[in-house]
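In this text, residue positions in the sequence shown follow the working numbering: the first is 8, and each later residue adds one.
C-beta atoms are modelled at their ideal positions from N, C-alpha and C, and glycine is treated no differently.
Predicted model, so just to flag it, every value in this text is computed and none were measured.
Remarks on the structure that follows.
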Amino acid sequence: MESEVHRPIADYPPNIWEDLLTTFSNYDLGSDETLEEKHSMLKDAVNESFLASLVNPIENIKFIDTLCRLGVSYHFEINILEQVGKSFDSLDFNQMIRHDGCDLYTVGLVFQVFRQFGFKLPADVFEKFRDGDGKFKGHLAADEYGILSLYEAAQWGTQGEGIIDEALAFSSQYLKEFSSRSNNHLTIRIKNALKHPYHKGISRIETRQYISYYEEEESHDATILEFAKIDFNLLQTLHRKELACVTRWYNKTEIETKVTYSRHRIAEAYLWSLGAYFEPQYSQARVITAVALILFTALDDMYDAYGTMEELELFTDGMEKYSICNVAPNGIPESMKHIYRVTVGFYDKLEEELEKEGRSGCGFHLKKSLKTTANGYMQEAKWLKNNYIATFDEYKENAILSSGYYPLIAMTFAGMGDVAKLDAFEWLSSNPKIRVASEIISRFTDDISSYEFEHKREHVATGIDCYMKQFGVSKEQAVEAIDNIVSDAWKDLNQELMRPHSCPFPLLMRFLNLSRVIDVFYRYQDAYTHPEFLKEHIVSLFIENIPI
Numbered sequence: 008m009e010s011e012v013h014r015p016i017a018d019y020p021p022n023i024w025e026d027l028l029t030t031f032s033n034y035d036l037g038s039d040e041t042l043e044e045k046h047s048m049l050k051d052a053v054n055e056s057f058l059a060s061l062v063n064p065i066e067n068i069k070f071i072d073t074l075c076r077l078g079v080s081y082h083f084e085i086n087i088l089e090q091v092g093k094s095f096d097s098l099d100f101n102q103m104i105r106h107d108g109c110d111l112y113t114v115g116l117v118f119q120v121f122r123q124f125g126f127k128l129p130a131d132v133f134e135k136f137r138d139g140d141g142k143f144k145g146h147l148a149a150d151e152y153g154i155l156s157l158y159e160a161a162q163w164g165t166q167g168e169g170i171i172d173e174a175l176a177f178s179s180q181y182l183k184e185f186s187s188r189s190n191n192h193l194t195i196r197i198k199n200a201l202k203h204p205y206h207k208g209i210s211r212i213e214t215r216q217y218i219s220y221y222e223e224e225e226s227h228d229a230t231i232l233e234f235a236k237i238d239f240n241l242l243q244t245l246h247r248k249e250l251a252c253v254t255r256w257y258n259k260t261e262i263e264t265k266v267t268y269s270r271h272r273i274a275e276a277y278l279w280s281l282g283a284y285f286e287p288q289y290s291q292a293r294v295i296t297a298v299a300l301i302l303f304t305a306l307d308d309m310y311d312a313y314g315t316m317e318e319l320e321l322f323t324d325g326m327e328k329y330s331i332c333n334v335a336p337n338g339i340p341e342s343m344k345h346i347y348r349v350t351v352g353f354y355d356k357l358e359e360e361l362e363k364e365g366r367s368g369c370g371f372h373l374k375k376s377l378k379t380t381a382n383g384y385m386q387e388a389k390w391l392k393n394n395y396i397a398t399f400d401e402y403k404e405n406a407i408l409s410s411g412y413y414p415l416i417a418m419t420f421a422g423m424g425d426v427a428k429l430d431a432f433e434w435l436s437s438n439p440k441i442r443v444a445s446e447i448i449s450r451f452t453d454d455i456s457s458y459e460f461e462h463k464r465e466h467v468a469t470g471i472d473c474y475m476k477q478f479g480v481s482k483e484q485a486v487e488a489i490d491n492i493v494s495d496a497w498k499d500l501n502q503e504l505m506r507p508h509s510c511p512f513p514l515l516m517r518f519l520n521l522s523r524v525i526d527v528f529y530r531y532q533d534a535y536t537h538p539e540f541l542k543e544h545i546v547s548l549f550i551e552n553i554p555i
C-alpha cells in the first residue's frame, strides 16, 4: 500500500503567490505606445550624451558605469564595448589612472568597468593608495564613496592578487562602520552592498535599487534617470507577460495537484530565469528556463523527499533509456510518472524546435545534461540508504552533478540562438573551468544555507557533514573552509571572464549571472525553499512599477 511506504517527506513552505499568479494569467497586459515614444526620444538623447562624454575618457567610463547600474547599457552595447576596449589599450589612459590626481573612487570604478567587460586591468593600479608598509593609507577611510568603490572593485579579484584581498578586508571593515551611521541613501546603498555586492547581485534587483540611489544624488542627470525609469517599467510589462505564460503552462500541466510533495515555486523560478538574462531579446529563453527550473525542482524533490530507493532506480533507468522509449517506467507512483511524462515531453519539444532553428545535436546535449544530474541524485539516494557519509572529495565530485547546474546552464544556452550551436554545447560538456567554478559556487553556497533545514529530516550527508568527518573539525570550521572554497571559485570565475575568452562572451555571462542568482537566493538562507525571503524582490520587480 502507498500509505505504508516510508518516504522522507520534507515539510516545504507553501506557494505564497497564488493570487498574483492567478491575476497575471487571467488578463492581457497591453503596451503603452506613448511611453514607448518617450522612451525612444530619451534613448536618442542619452546616446548624444554618451558621444559627448567621449571628449574626456575617464568621464566616459563613469558614464558607462551609470548606464550599467541603471540597467540600460544593453541599448548601447556595441559603442560601450568599442570605447572600453580603446581606453584599455590607451597608454595615456593607463597613465592617467595611475597619476596621483586620480582618486580612489575613480580608480575603483574604472577597475570595475574594465573587468566587467572582460578587460583585465592590473591590480597594481591600487599601489599608490598603500603606504610604505604595504597597507592601505588610513586617511582613505574619510572617503565613503571611495571605500565603497574599492570594495566593489575588490569583488573582481582573481587568484594570486594579494592587493585585492587586502583591499577587500580594508574596505569591508570601514563599510561596516559606515553602515551604522545616519540613514541616508548612501548608508542604505552601503548596507545593500555589504549584503550583496553589485558584482554578485541579480542585475534587475541591482538596477531597481540603484535607480532610487541615483535619484537622491544631487548631480544626477534627469534625462538618463527618466530613461532608466521608463525602460525598467517597459521591461517589467514584458516580464509580467512572461510570468503569466509560465503560470499558464504550470496550470495546464497540473503539477501542483499531481505532485503535491514538491515545492511550488513559479514566481521564484521565473525570477531565477530573469537573473540569467533580463534583456528583451531573451524573452522566449526566460520562459523556457523558468519552465525547466520548475521541472528541476520537481525532480530534485522527488529524489530528495519522496521516492524510495527502488522507485528512484526505476525512474533513473527510465531517464537513461528515454531516447529509445519515452513511456514512463512501471512500478513507480503516478506522481513520479507524471513528472517523467511532463519532463520528457518538454525536452522532446525543445529538441524539435532546436532542429528547426538549424541547431542540430543541441537537444542531445540538453538530455545528456539532465541524465547526468539524475545519476548524481541517484548516487546521493544510495548514500542515504546505506547511511554512508562520503569523503569530502567523493562528495565534491558527485555534488557538482547533483547541484543541477549543468542542465540549467545548458538550458540557458538553448535560449541563446545562433551563438550557442553544437560546438558551444560540446565545449560545455567538456567541463570547462568556468563551469566547474560555477558548480562549486552553486553546490556549496546552497549546502551552507540549507544545512539546518535539511538536518530536520532524513537527508543525505551534506558537504559540511562530509568535511567534518574527513578532517575531524567542528561545524563552524567546516563552514569556514567551504566558504573559502566558494571564494576561490569566484576568483576562478572572474578569471575566466577575462579576455581572451574560451567561448563567446554572451555565453560566459550566463555562468556569471546564474552564480549571481545563487548568491542572492542562497547566501544567507535557502530563499528558494523559503520564499518569504524573496518576497520584497518579487514585489519590486513584478508588482510595483517605478513612479515617473
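Note the first and the last residue of the continuous alpha helix (DSSP H) segment covering residue i.
| i | result |
| --- | --- |
| Arg-348 | 341 to 363 |
| His-13 | Neither: His-13 is in no alpha helix (DSSP H) and is coded neither H nor E. |
| His-372 | 369 to 392 |
| Tyr-529 | 512 to 529 |
| Met-326 | 316 to 328 |
| Ala-251 | 229 to 260 |
| Lys-428 | Segment: none, Lys-428 is in no alpha helix (DSSP H) and carries neither H nor E. |
| Asn-101 | 98 to 105 |
| Glu-213 | 210 to 223 |
| Gln-162 | First-last for Gln-162: undefined, no H or E at that position. |
| Phe-288 | Looking at the sequence itself, residue 288 is Gln, so the reference to Phe does not match. Looking at the DSSP string, Gln-288 is not in any alpha helix (DSSP H), and its letter there is neither H nor E. |
| Val-486 | 482 to 503 |
| Cys-75 | 64 to 76 |
| Glu-1 | For residue 1 there is no data in the structure shown, the boundaries of the chain being 8 and 555. |
| Thr-41 | 40 to 60 |
| Cys-109 | Run containing Cys-109: none; DSSP gives neither H nor E here. |
Flag this pair as yes or no: are the beta carbons of residue i and residue j separated by less than 9 Å?
| i | j | result |
| --- | --- | --- |
| Leu-155 | Leu-147 | no |
| Met-385 | Thr-323 | yes |
| Tyr-220 | Leu-182 | no |
| Leu-27 | Ile-553 | no |
| Ile-455 | Asp-490 | yes |
| Ser-80 | Thr-230 | no |
| Glu-359 | Gly-370 | yes |
| Gly-383 | Leu-408 | yes |
| Tyr-329 | Ile-339 | no |
| Leu-61 | Gln-102 | no |
| Asn-199 | Gln-216 | yes |
| Asp-559 | Lys-207 | With the chain running from 8 to 555 in the structure shown, residue 559 is simply not present. |
| Ala-174 | Gln-119 | no |
Around the C-beta of residue i, are 16 or more other C-beta atoms found within 10 angstroms, so that it is buried, or is it exposed?
| i | result |
| --- | --- |
| Met-8 | Confidence is the limiting factor: at Met-8 the pLDDT is only 39, short of 50, which leaves the residue's position unreliable, though a coordinate-based value still follows. With fewer than 16 other Cβ atoms within 10 Å, it is exposed. |
| Gly-422 | buried |
| Ile-85 | exposed |
| His-246 | buried |
| Leu-128 | buried |
| Arg-211 | buried |
| His-508 | exposed |
| Pro-21 | exposed |
| Lys-403 | buried |
| Lys-440 | exposed |
| Asn-67 | buried |
| Asp-472 | buried |
| Arg-76 | buried |
| Asn-63 | exposed |
| Arg-188 | exposed |
| Gly-479 | exposed |
| Ala-176 | exposed |
| Ala-59 | exposed |
| Gln-288 | exposed |
| Asp-96 | exposed |
| Tyr-395 | exposed |
| Asn-405 | buried |
| Gln-243 | buried |
| Leu-500 | buried |
| Val-546 | exposed |
| Ala-149 | exposed |
Rounded to whole angstroms, how far is the Cβ of residue i from the Cβ of residue j, which I believe are closer than 8 Å?
| i | j | result |
| --- | --- | --- |
| Lys-135 | Arg-105 | 7 Å |
| Leu-116 | Lys-50 | Actually they do not touch by this definition, with Cβ atoms about 24 Å apart. |
| Leu-88 | Phe-124 | 6 Å |
| Val-294 | Glu-249 | 5 Å |
| Leu-321 | His-544 | 39 Å between Cβ atoms; not a contact. |
Is residue i near the ligand ATP - that is, is its Cβ less than 8 Å away from at least one heavy atom of it?
| i | result |
| --- | --- |
| Glu-43 | Ligands are entirely absent from the displayed structure, and the ligand ATP is therefore not among its contents. |
(request) Would you mind listing the alpha helix (DSSP H) stretches within the segment 124 to 164 that are 4+ residues and don't spill past its ends, in chain order? (result) 151 to 161
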